[in-house]
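Presented below is the structure to which this report refers.
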Amino acid sequence: MEVENSTLEQGKALAAIEVEGLTLRHGERVLMSQISFSVEPGEIFAIIGGSGCGKSTLLSYLNGLRTPSPGEGHLQFFGEDADELFSASDGRRPRTCGVLFQGGALWTSMTLLENVSLPLQRHTFFSSEEITDLAAFKLALVGLQGFEDHYPHEISGGMAKRAGIARALSLDPKILFLDEPSAGLDPVTSRHLDELILSIRQSQGTVVVLVTHELSSIFTVADRVAFLDKETQSLLQIGTPMGLAQSSPHSAVREFFAAGAISRPQAKEHA
Amino acid sequence: MENGEASGSAEVSLGGAAQLGWHVVLRGKWLGQENLPTADHWWQQECGEVTEGIIHVIAVEVTAWDGRMVAFLHRLRQIAGERGLMLQIDAVPPSVDSLLQLSASKPLANVAERALPPPIWQCWRLAAQRLRISIVECLSFIGSIAIAITLLLRRCLPVRRKDYLEIFRQVGTGALPIAALISFLTGIILGFVGAIQLASFGAAIYVANLVGLAMAREMAPIMLAVILTGRTGAAFASTIGTMRTNGEVDALETFGFSAMEFLVLPRVLALLCMMPILCIFSIFIGIGGGMIVSVPMFNFSAAQYLTQTISAVTAHDFLFGVSKSAVFALLIGGLSCRCGLRCERNANGVGAATTNAVVSGIVAIVIVDALFAAMGNALGV
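Protein sequences, first through last, are from chains A and B.
Residues 1 to 271 in my numbering are what the first sequence lists, from first letter to last.
Residues 1001 to 1381 in my numbering are what the second sequence lists, from first letter to last.
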């Protein structure tokens, strides 16, 4: 109740993700220092930047696999402190954040259906028939009907990513994190994946945060883009994809988009 | 073809002077033979007087070349650069020139400074530090296993029966044949060794005592522990290590499962339940092995042998061995799962985790066995 009141007082909805002064570390090495941004409800937010600049590391901070050292930043999800959320044992964490890992990271000893139903078994009180139906429905949602009894090693990379998305969506999280969803996929498959992402947002209002290299994906799906720069170890710019591509004051950003100028026609269509 | 012809062997020569500029002239065929000039060697031999001025590189009558010529020039350019000299590529084949231009372009990223390995006299300090960290980690690992077990016993943890059954099968019945084989052979070996020695005192029947006591108190638990470290411990470490490398462990965490309850607990419990059972089985098989050797050798009957065994091996001895194997089970399970969870995320890491699991497992087993022997002696068990 208190949270609702304060929201009313502020007169605006709480940000889905609020990052303040976060320092990213990989071991001892600092990758990014003092980055701040917020992701609004209903938004598709892309994190881009050169290889090795810390995009995936940032994602691992956002989904709770790493926690900032004391004094090195602060994360909030819908107004709730990250520490509280990630240490909660009541299933709030997977209900808030669903994660698709690079390569899917499906549990190899389980079938696709078991992969999707495991989080449901753990965090809901549904009967096993209900769980099976729900998991099968999630698989159908990502186009994997009929593959329920397949093991992860029996399906292709694109299908594994789809299954990973189905698993990430199993508990209808408020935020979906996607780590390079289209890396290593052919253009048609990655286009389908983009459409899937858009339709998930449209149907469930899920906030999507994705890390990607693919300019075509960025223009197709992202509402806003954050550009991480390795040289300055900072979040260089946040804006719409078109804004960054056409009129960025930063040469690193312009260079990034110019290198993929071939995808511009799609961008116009989107705009 | 190889050398000796006019344009045959590769040559490099130095000419000119500091004021006018130096000339490095390449000649001949830089291909298909061994022992082409190398830049560092050649520089040392020929270029002692080159301390200032511009160096011009000219390739004259180079009939053929491979990567080594480009590498020679690249290295030469580096050497010149280190000495503050200017090296100018004047006339070389165009493709060599373009390769040299490519290799001279700015590196993609600044090379991060690697931490130097610490000097040797600081090694003990680092080792002590590492030991302290690993002891703390070990204790917290044991603690979290204990917490997970209590939670499980209080039925606070959901159990996926299928996982447990699969691991129990793998650890228990899967290890049965090899456990049987090894303990049978151990019994036979003990039987032979004992028979030869004891027969010379006319005390051949005491072979039964020797085999029975040795199997029950020492051989069955320790042989079994070694087998299971190699078989099951290695499997646990590599499975969990690979899961970690693939991100599956991270995926578990994001869904609110702890690796402890989901991966470690079933494995440790499976070992804890199956190993004492396997140990009892091994003791009997080992006694059988001893009997098969000694009964035909001397003229006593199987019944005599068994009676002698029963009178020699007390329930204490039996319990001592079986409870020891339960402790070994905890050691193997805990160590191998911990090695898997701490695995570095690459193929080498999985290999190292597996090696670690087996080596530390066997060492720990022997140490704990020695402690048990000392304790058993002190307590008169």
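Ideal Cβ placement from N, Cα and C applies to all residues, glycine included.
Partner residues on chain B for His250/A, Cβ-Cβ distance less than 7 Å:
Numbered from its first residue, the first sequence carries residue 250/A at position 250. The contacting residues do not exist; His250/A stays about 18 Å from chain B at best.
Contiguous beta strand (DSSP E) assignments of at least 3 residues, all confined to the region 95 to 126 of chain A:
Residue ranges of uninterrupted beta strand (DSSP E) with 3 or more members, entirely inside the region 95 to 126 of chain A and ordered along the chain, are 97 to 100.
So, using beta-carbon positions, are Phe1300/B and Ile1205/B closer together than 8 Å?
Locating residue 1300/B in the second sequence gives position 300, counting from the first residue. Locating residue 1205/B in the second sequence gives position 205, counting from the first residue. Cβ distance < 8 Å, so Phe1300/B and Ile1205/B count as in contact.
CB contact check: Ala1251/B to chain A, cutoff 8 Å:
Taking the second sequence and counting its residues from 1, the one referred to as residue 1251/B is at position 251. Judged by the 8 Å Cβ criterion, Ala1251/B is in contact with chain A.
Within the continuous alpha helix (DSSP H) that includes Gln1129/B, where are the two ends?
As a working mapping, residue 1129/B is identified with position 129 in the second sequence. It spans Cys1123 to Leu1153 - the alpha helix (DSSP H) in which Gln1129/B sits, taken as one unbroken run.
Under the three-state DSSP convention, the category Leu1371/B falls into
Within the second sequence, numbered from 1, the residue matching residue 1371/B stands at position 371. Three-state result, Leu1371/B: helix.
Which partner residues does Met1086/B have in the DSSP bridge list?
Counted from its first residue, the second sequence places residue 1086/B at position 86. According to DSSP, Met1086/B bridges with Ile1054/B.
Cut-off 7 Å between Cβ atoms - residues of its own chain near His270/A, not counting five sequence neighbours on either side
The residue you call residue 270/A lines up with position 270 of the first sequence. Any reading at His270/A must be qualified, since the residue scores a pLDDT of 47, below 50, and its modelled position is unreliable; the value itself is stated next. Around His270/A: Phe219 and Thr220.
Compare the Cα-Cα distances from Arg1027/B to each of Val1060/B, Glu1253/B and Gln1101/B and report the closest residue.
Residue numbering aside, residue 1027/B sits at position 27 when the second sequence is read from its first letter. Just measuring C-alpha positions, the residue of Val1060/B, Glu1253/B and Gln1101/B sitting nearest Arg1027/B is Val1060/B.
Applying a beta-carbon distance threshold of less than 9 Å, which residues of chain B neighbour Leu65/A?
Translated into positions along the first sequence, residue 65/A becomes position 65. In chain order: Asp1250, Glu1253 and Thr1254.
Using a C-beta cutoff of 8 Å, does Arg122/A count as contacting chain B?
Within the first sequence, residue 122/A is the residue found at index 122, counting from 1. Yes, contact with chain B.
Using C-beta distances below 7 Å, list every residue in its chain close to Gly184/A, excluding the 5 sequence neighbours before and after it, in chain order.
Translated into the one-based positions of the first sequence, residue 184/A becomes position 184. Around Gly184/A: Gly157.
Contact under 8 Å by Cβ, Ser1103/B with His1074/B:
To locate residue 1103/B, count along the second sequence from 1; it is residue 103. To locate residue 1074/B, count along the second sequence from 1; it is residue 74. Cβ atoms of Ser1103/B and His1074/B: closer than 8 Å.
Between Ala135/A and Val116/A, which are expected to be in contact by the criterion C-beta below 8 Å, what is the C-beta distance as a whole number of angstroms?
Taking the first residue of the first sequence as 1, we reach residue 135/A at position 135. Taking the first residue of the first sequence as 1, we reach residue 116/A at position 116. Their Cβ separation, rounded to whole angstroms, is 4 Å, which keeps Ala135/A and Val116/A in contact under 8 Å.
With 8 Å set as the bound, which would you pick, yes or no: does the beta-carbon of Gly103/A sit closer than that to a beta-carbon of chain B?
Here residue 103/A refers to the residue found at position 103 of the first sequence. Between Gly103/A and chain B, the shortest Cβ-Cβ separation is below 8 Å.
If Arg162/A and Leu144/A are in contact, beta carbons under 8 Å, what's the gap, nearest whole angstrom?
Locating residue 162/A in the first sequence gives position 162, where the first residue counts as 1. Locating residue 144/A in the first sequence gives position 144, where the first residue counts as 1. Indeed, because the Cβ distance is near 6 Å, the residues count as touching under 8 Å.
Neighbour list for Val99/A in chain B, Cβ cutoff strictly below 9 Å:
Here residue 99/A refers to the residue found at position 99 of the first sequence. Residues of chain B passing the Cβ test: Asp1250, Ala1251, Thr1254 and Phe1255.
Which one of Met1086/B, Thr1355/B and Trp1065/B has the shortest CA to CA distance from Ala1235/B?
Translated into positions along the second sequence, residue 1235/B becomes position 235. Of the residues Met1086/B, Thr1355/B and Trp1065/B, the one whose Cα lies closest to the Cα of Ala1235/B is Thr1355/B.
Determine, using beta carbons only, whether Thr108/A comes closer than 8 Å to chain B.
Residue 108/A sits at position 108 when you count from the first residue of the first sequence. So, interface residue.
Just mark Ala245/A as buried or exposed, buried being the case when its beta carbon has 16 or more other beta carbons within 10 Å.
By 1-based counting over the first sequence, the position of residue 245/A is 245. Result: buried.
Own chain partners of Ile1227/B with C-beta closer than 8 Å, once the 5 adjacent residues on each side are dropped
The residue labelled residue 1227/B in the question sits at position 227 within the second sequence. Contacts found: Ala1175, Ile1178, Ala1179 and Ile1182.
How would you call Gln1019/B, buried or exposed, if buried means at least 16 neighbouring beta carbons within 10 angstroms?
Taking the second sequence and counting its residues from 1, one reaches residue 1019/B at position 19. When all chains shown are included, Gln1019/B counts as exposed.
Does DSSP put Gly50/A in a helix, a strand or coil?
Counted from its first residue, the first sequence places residue 50/A at position 50. Gly50/A falls in the coil class under three-state DSSP.
Could you tell me how far apart the beta carbons of Phe1320/B and Arg1217/B are, in whole angstroms, since I believe they sit closer than 8 Å?
As a first step, residue 1320/B is located in the second sequence; it is residue number 320 there, counting from the start. As a first step, residue 1217/B is located in the second sequence; it is residue number 217 there, counting from the start. The pair is a contact, with the Cβ atoms about 6 Å apart (cut-off 8 Å).
So, is the C-beta of Gly1241/B closer than 8 Å to a C-beta in chain A?
Taking the second sequence and counting its residues from 1, the one referred to as residue 1241/B is at position 241. Interface with chain A (8 Å Cβ-Cβ cutoff): Gly1241/B is excluded.
Alpha-carbon spacing of Ile1277/B relative to Leu1271/B, whole angstroms:
The residue you call residue 1277/B lines up with position 277 of the second sequence. The residue you call residue 1271/B lines up with position 271 of the second sequence. Their Cα atoms are separated by approximately 10 Å.
Identify the contact partners of Gly1247/B in chain A, using a Cβ-Cβ distance below 8 Å as the criterion.
Reading the second sequence from its first residue, position 247 is the one you call residue 1247/B. Within chain A, the residues near Gly1247/B are Phe101, Gln102, Gly103 and Ala105.
So that I know if they touch, is there some Cβ in chain B lying closer than 8 Å to that of Pro187/A?
Looking up residue 187/A in the first sequence gives position 187. Chain B places no beta carbon closer than 8 Å to that of Pro187/A, leaving this residue out of the contacts.
Spell out whether any CB of chain B is found under 8 Å from the CB atom of Gly73/A.
Reading the first sequence from its first residue, position 73 is the one you call residue 73/A. Not an interface residue.
How about Thr232/A and Ala46/A: are their beta carbons less than 8 Å apart?
As a first step, residue 232/A is located in the first sequence; it is residue number 232 there, counting from the start. As a first step, residue 46/A is located in the first sequence; it is residue number 46 there, counting from the start. Thr232/A places its beta carbon 8 Å or farther from that of Ala46/A.
Shorter than 7 Å, the distance from the beta carbon of Leu24/A to the closest heavy atom of the ligand FMN, or not?
What this structure holds is no ligand at all, so the ligand FMN is not there to describe.
Presumed contact (8 Å Cβ cut-off) between Gly1286/B and Met1219/B, rounded CB distance
What you label residue 1286/B is simply residue 286 of the second sequence in a count that begins at 1. What you label residue 1219/B is simply residue 219 of the second sequence in a count that begins at 1. Indeed they touch by this definition, with Cβ atoms about 6 Å apart.
Output the residue ranges of the alpha helix (DSSP H) runs that lie fully inside the region 1143 to 1219 of chain B and measure 4 residues or longer, sorted by chain position.
Fully enclosed alpha helix (DSSP H) runs of no fewer than 4 residues occupy 1161 to 1171, 1176 to 1199 and 1207 to 1213 of the region 1143 to 1219 of chain B, in order along the chain.
What does a CB cutoff of less than 7 Å around Glu214/A pick up in its chain, not counting 5 residues either side in sequence?
Translated into positions along the first sequence, residue 214/A becomes position 214. Take Glu214/A, set aside five residues on each side of it, and the residues of its chain with a beta-carbon closer than 7 Å to its own are Ser182 and Ser190, in chain order.
Touch test, the region 1311 to 1318 of chain B against the region 1195 to 1202 of chain B, Cβ-Cβ under 8 Å, three pairs minimum
Contact between the region 1311 to 1318 of chain B and the region 1195 to 1202 of chain B is absent, because fewer than three Cβ pairs lie under 8 Å.
Sequence-distant residues of its chain with Cβ nearer than 7 Å to Ala15/A (five each side left out)
As a first step, residue 15/A must be located in the first sequence, where it is residue number 15. Ser38, Val39 and Glu40.
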